[in-house]
Structures are given as C-alpha cells and as structure tokens.
Amino acid sequence: MKTPDDEERLLHRGGRPTLADLMDTLKFSPAKGAIELNGARMVLARATFGADLQDELVRRFGDHEAMVLMMRLGYRNGREDAEFIRQEWPNLDVGDAFTAGTRLHMMTGTVRVETLHNDFDFKNDRFSGDFLWHQSVEATEYSRRHGRAFAPVCWAQTGYAAGYASVFFRKLVLYKEVSCAAMGDKSCRVVGKTVDGWGENDPFVRMFLDEVLSTRAESPARRKASERQQDTIQTRTLEELVVAPVRSDLEKIARARLNALITGPEGSGCRIAAGWLHAARFAPGKIHRAHATSDRLPDLLEDVRKAISATGTTGHTLIIEGVDALPDDLQLTLIEMIKTFGTGPTNLQVIGLSTNGLRDLHRAGPLRAELLYALSVLPVAMPPLAARKADLADLAQAHLARMRPTEEDQVYHLTPAALDVLGMGNWPDNLPELRATLMRAAICAASPPVIDAGDITFARSAATGAEPERVTADDIDSLWQTLLPYFEGGLGIDRLVSQEEAQALTHAAGNISAAARLLGLSRAKLDYRLKQGGKDSNV
1 MKTPDDEERL LHRGGRPTLA DLMDTLKFSP AKGAIELNGA RMVLARATFG
51 ADLQDELVRR FGDHEAMVLM MRLGYRNGRE DAEFIRQEWP NLDVGDAFTA
101 GTRLHMMTGT VRVETLHNDF DFKNDRFSGD FLWHQSVEAT EYSRRHGRAF
151 APVCWAQTGY AAGYASVFFR KLVLYKEVSC AAMGDKSCRV VGKTVDGWGE
201 NDPFVRMFLD EVLSTRAESP ARRKASERQQ DTIQTRTLEE LVVAPVRSDL
251 EKIARARLNA LITGPEGSGC RIAAGWLHAA RFAPGKIHRA HATSDRLPDL
301 LEDVRKAISA TGTTGHTLII EGVDALPDDL QLTLIEMIKT FGTGPTNLQV
351 IGLSTNGLRD LHRAGPLRAE LLYALSVLPV AMPPLAARKA DLADLAQAHL
401 ARMRPTEEDQ VYHLTPAALD VLGMGNWPDN LPELRATLMR AAICAASPPV
451 IDAGDITFAR SAATGAEPER VTADDIDSLW QTLLPYFEGG LGIDRLVSQE
501 EAQALTHAAG NISAAARLLG LSRAKLDYRL KQGGKDSNV
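Numbering (full-length UniProt numbering), first residue to last: 1 to 539.
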C-alpha cells in the first residue's frame, strides 16, 4: 500500500496499535472479494455513500430523526471497533487501546484527529476530552452538496466517538460537536465528557438516552413522542421538498441577512419558501403576514416598529403578499423601516411575495426602485409544478403522508401507474391542485391504502386542462369520412394502427403504461404490439 513519503514518520506516532501497525494488518484479497483488518471483514466504499444515506434519511424522516438514526449507527459502530481493538490486541495498555479509536478513524479515511485535551482515569471513571476534526467526511460531503449548514452535521462520527469511548468506562461517554466545518468553521471540534460531567438534565444527554440508545420497540415513551412529532416531521419534509429548487439561494439570503423577493405562480410554494427562510434566519423569532392591500397592514407595520424600538426584540420577519400592489405611502414606510431596523445582524427581515416575475416588476414599475432593489439583491423564483416533473413523485408522497385522510395511522401510497397519470398533468393551479387531486384519490381508493391509476378521477382533464369530450356516432362518421380517401389511396388498417400507437407513445414521452391507457389497451398488449412492429419498449 502506498503512502506519501512526508507522512511516513507520522505513521509510527502515538500508542499501539499505531497507524503503521494497523496498516500492517490490512489485507486486500480482491480476487476473493474481501478486505480484512487483522482478520475482521472490512469494506472499501465511496465517501458519497454515507452522504447519500444521510440525505435520504433527512428526506424521508426529517432532520431530527435522521440525526438520531445516524448517531445510533455510529454509536454501535464505535462500540464494535472498541471491542475489536481489545480482542485483537489483548495485551495493549488500556490507554493505548482507548486512544486507538482516533487512529482507526484516521486510517479509514473518516477524519484527521488533532487532540487538544485528553484526560482520562479509568479506575475512577473520569474523562474529559477536546479534539479537532480536520477533513471530516460528513462535513466535507455536506458542504459539497448543500453549501453552509446551520447546525453541526457530523452525526455518525459523534455517535462513533461516544460508542468507542463508552466501552472503556462504567459510565456513558458523550461527545458534543461544538463547531463544524460545514457551518463555515475552520474545522470541526468535539468535546467529550461522561454523562455525569454533562449533567443528566442536559438536553443533549436526555435526547441521547431517550432516543439514540433506545429503539421504538424498546421505548414506549419514545414511540409516543415520535407519534406526537410525526405531523411536524412530515410537514418539514414537505417544506424541504417544496423549496428544494431554490434552497441554495434561500440559504445564501439567510447567511447574508438580506431581505427577499420571492416570485412565482400562485400555488407554487412562495409562502412555504418565505416561512422556510424565516426559520433559517430567525427561528424561533416572530413572523408577521399580511397582503399588500389589507386594511390592517398599516397597523401591523406600526406594531412591528414599536415592538423593535421599545424592547429591542429581534427576529421579526414581515411577509407581504402581493407586494407589487403595495400603496405608495406604505412603500415609503417600509423603506424607512428597512433603513432603520433591517440593516443590523438581527432585527427585521422583509419578504415580498409576487406572482409577477422580476422582469415584469421592473417593466411595470408598481414598486419604487429603492424598495424593489432592497428586496431583490438575490431574487428567488419558484418554478411552477409543471416544470418539476422529476419531483412530482416525492411531492405527491409527502402530501399523502401529511394528509392521512382516515383516522387510522396509515399513509397512502401511489402505484407506478398512478404516478404515470399524475405525470401527464399540466397542473395549472400547482400544489393546491395536486393536494386536492390526491385527497380525492385517497377518499375514492378501491384498495386503500394503495392509490392506483383508476382512483385518480378526471386524470385526462388534468392532463389537457378540460373535461374529456364524449365520442358520439356523428364523431365516428366524421372520422370515417376523413380517413376514407387515405384508405382508397392504399393506406392499410395495420399501418394506421401502427402509426397511432407510435403517436401515442410519443405523446406519453416514451411511457408505455401511459400510452396504453390513452389507447384503451393493457400495457402488456401494447408492449407486445410495439415489439411485433419492431419497436422495443423502454419503460
């Protein structure tokens, strides 16, 4: 195995097993499909695997549940590594075995550990440690994918450190990540203490004891707490899906402490994006909403001004819908408030919402230039649902998880055929139309909790924007009169049918299931006919 020449001396530093000792026991047997570390099976995997896992857990369960699961997996992995070190090197000094965890972490490419302080007394169960983590794989991958984080993200590594250290004491050892490179810090920093050192009433300790170390089956209390939080988790997941196309811009706005202008068609998620931006910058601050033409807006502006001036409270977000309809006198008031309160690090954030795009707002000139530019340093444009076909399945399932149309705790699921039907929609009314369509389908589902294509009513009207017309005898006669000259000219029925099948497949963007429904055929039958005609199915 090759190592850089300038690192050779570092491999022999520290207690046993040193990095060099560990590398000497590493055996690659590619012909057998095996990698072993002193006889223990290992796997060489891309760093993106862990990042993919974390992203999928966040998408499915929300940030908190994902953190709990990643910490739990890390904790178990840490304990297993500690037992492995003690069993495979039984004559080690206990202090060397204890610190070997940092070297394992480094050798596996997880992180480079720098010890600032490491004080331990195994006899008296006393421990305190302070470490810097450089090049943390969790922090690096998060930053590469999502930009700057708002909280520490090295969940699995923090759990690993706790699991490894706890094996050597008769008390649980917990680590807190107090700074994180993903948040813009130079490096990650973790502080470790026993539970006694942190205090059993510490919120992180309680979370670790009640959630990370327990499973749903082991802890009825955790199960009930999780059920109470389920709506919040599902809502958060839906919000994250809605803002996904503009999340990077929203995070930049929050970091730069800017005011914002969010544009997009009605129902595209502008209000959700505004709420997400408030939470990213000020949570749990206070949020104020009003329409630009509301009679109560002047009083609301005055109330916000007084609240900030009188008490110095921070974290006020003012969301104005239809901001392009804001009367001129209120525009002047808002400009003055932004100058007075909106330039500091924590005071007032103004978010304007409009269904008109930025170009139209500049062209039409309903807003004073000073206000428009104050709001649109980094404008955010929410795309219509019709432009988000790749996200439609996730958005639909998130809506279903949130709705739970029956009182039983069951989440409805869409079959691939049902998703095909949804994918053919133009969705002119965006997310509210999708939500109503799904609710109707859930109520009318023939085999709940499964929603199939036949459960989605008016699917063709959703696809065309109008109710389907009934075909009458006169329509058929008219069609015959149109086709008759072509038949007389030699067009055969087989060729006509073949051409119509090809047209249906093109109309359905290559989706055989959707094309078959359009023609009133089964998928299997259309697939067979296409193959007979020399066309291979690709769906």
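Note that beta-carbon positions come from the ideal geometry of N, C-alpha and C, so glycine has one too. Since this is a predicted model, take the numbers as computed values, not measurements.
Reference residue i, options the options, closest by Cα
i       : options                               : result
Thr-102 : Arg-145, Met-67, Thr-18 and Met-207   : Thr-18
Trp-276 : Phe-28, Ala-244 and Asp-295           : Ala-244
Pro-327 : Met-424, Thr-317, Arg-296 and Ala-254 : Arg-296
Leu-37  : Leu-332, Ser-143, Leu-104 and Glu-500 : Leu-104
Thr-437 : Ile-35, Leu-422, Val-94 and Phe-84    : Leu-422
Leu-372 : Lys-389, Pro-384, Lys-252 and Val-350 : Val-350
Phe-150 : Ile-253, Glu-114, Leu-238 and Leu-484 : Ile-253
Lys-389 : Leu-318, Glu-336 and Asn-430          : Asn-430
Asp-21  : Asp-63, Arg-60 and Glu-88             : Glu-88
Val-212 : Thr-317, Met-70, His-288 and His-278  : Met-70
Gly-163 : Gly-74, Arg-257, Ile-320 and Ala-396  : Gly-74
Helix, strand or coil at residue i [DSSP, three-state]
i       : result
Ala-40  : strand
Ala-445 : coil
Ile-456 : coil
Tyr-142 : helix
Arg-206 : helix
Ser-354 : strand
Thr-25  : coil
Gly-490 : coil
Ser-268 : coil
Ala-514 : helix
Arg-228 : With a pLDDT of only 40 at Arg-228, under the threshold of 50, the placement of this residue in the model should not be trusted; the figure read from the coordinates follows. Three-state DSSP puts Arg-228 in a helix.
Leu-258 : coil
Gly-293 : Residue 293 is actually Thr in this sequence, not Gly. Here Thr-293 sits in coil by DSSP.
Ala-274 : helix
Thr-237 : helix
Ala-45  : coil
Val-450 : strand
Inter-residue spacing [alpha-carbon to alpha-carbon] between residue i and residue j
i       : j       : result
Leu-334 : Leu-348 : 11 angstroms
Leu-250 : Tyr-528 : 49 angstroms
Ala-290 : Gly-269 : 16 angstroms
Pro-152 : Leu-172 : 21 angstroms
Asp-119 : Asp-196 : 15 angstroms
Gly-490 : Gln-481 : 15 angstroms
Thr-263 : Arg-359 : 11 angstroms
Glu-240 : Asp-394 : 11 angstroms
Gly-510 : Leu-526 : 12 angstroms
Arg-46  : Glu-141 : 11 angstroms
Asp-299 : Glu-200 : 47 angstroms
Gly-33  : Met-42  : 10 angstroms
Leu-434 : Glu-501 : 29 angstroms
Arg-72  : Arg-206 : 14 angstroms
Ala-165 : Phe-208 : 15 angstroms
Asp-494 : His-413 : 39 angstroms
His-362 : Leu-378 : 15 angstroms
Met-106 : Glu-80  : 16 angstroms
Gly-520 : Ala-504 : 11 angstroms
Asp-96  : Ala-82  : 11 angstroms
Ala-51  : Ser-309 : 45 angstroms
Thr-48  : Leu-330 : 50 angstroms
Leu-238 : Phe-61  : 10 angstroms
Ala-445 : His-278 : 38 angstroms
His-507 : Tyr-160 : 52 angstroms
Phe-127 : Ile-85  : 20 angstroms
Beta-carbon contacts of residue i that lie in its chain and below 7 angstroms, excluding the five residues immediately before and after
i           : result
Ala-66      : Gln-54, Leu-57 and Val-58
Val-246     : Ala-273, Val-380 and Met-382
residue 562 : Not covered by the structure: residue 562. The range shown for the chain is 1 to 539.
Gln-230     : For Gln-230, the predicted structure reports a pLDDT of 45, less than 50, and the residue's modelled location is therefore unreliable. A value from the coordinates is still provided. Result list for Gln-230: empty, nothing under 7 angstroms.
Leu-392     : Leu-422 and Gly-423
Cβ shell of residue i (< 6 angstroms), same chain only, five flanking positions each side left out
i       : result
Phe-98  : Phe-168
Val-242 : Gly-269 and Ile-272
Val-191 : Asp-130, Lys-176 and Val-178
Ala-441 : Ile-451, Asp-455 and Ile-456
Glu-266 : Thr-355
Leu-301 : Thr-333
Thr-115 : Phe-131
Leu-26  : Leu-37
Close beta carbons around residue i, own chain, < 8 angstroms, minus the five adjacent residues each side
i       : result
Val-323 : Leu-261, Ala-292, Gly-352, Leu-353, Ser-354, Leu-367 and Leu-375
Phe-204 : Leu-174, Lys-176 and Trp-198
Val-94  : Phe-122 and Phe-168
Residue i at chain B interface by Cβ criterion, 8 angstroms
i      : result
Ile-85 : In the structure shown, chain B cannot be found, because there is only a single protein chain.
| request: Output the residue ranges of the alpha helix (DSSP H) runs that lie fully inside the segment 298 to 350 and measure 4 residues or longer, sorted by chain position. | output: If we require 4 residues or more, the alpha helix (DSSP H) runs fully inside the segment 298 to 350 come out as 328 to 341.
| task | Kindly provide the ranges of any beta strand (DSSP E) runs that are 3 or more residues long and lie completely inside the segment 97 to 151, ordered along the chain. | result | 112 to 121 and 126 to 134
| query | What are the start and end residues of each continuous alpha helix (DSSP H) run of 4 or more residues lying completely inside the segment 367 to 422, in chain order? | reply | 369 to 375 and 392 to 403
| message | At 4 residues or longer, what runs of the alpha helix (DSSP H) sit wholly inside the segment 155 to 203? | response | 155 to 166 and 195 to 198
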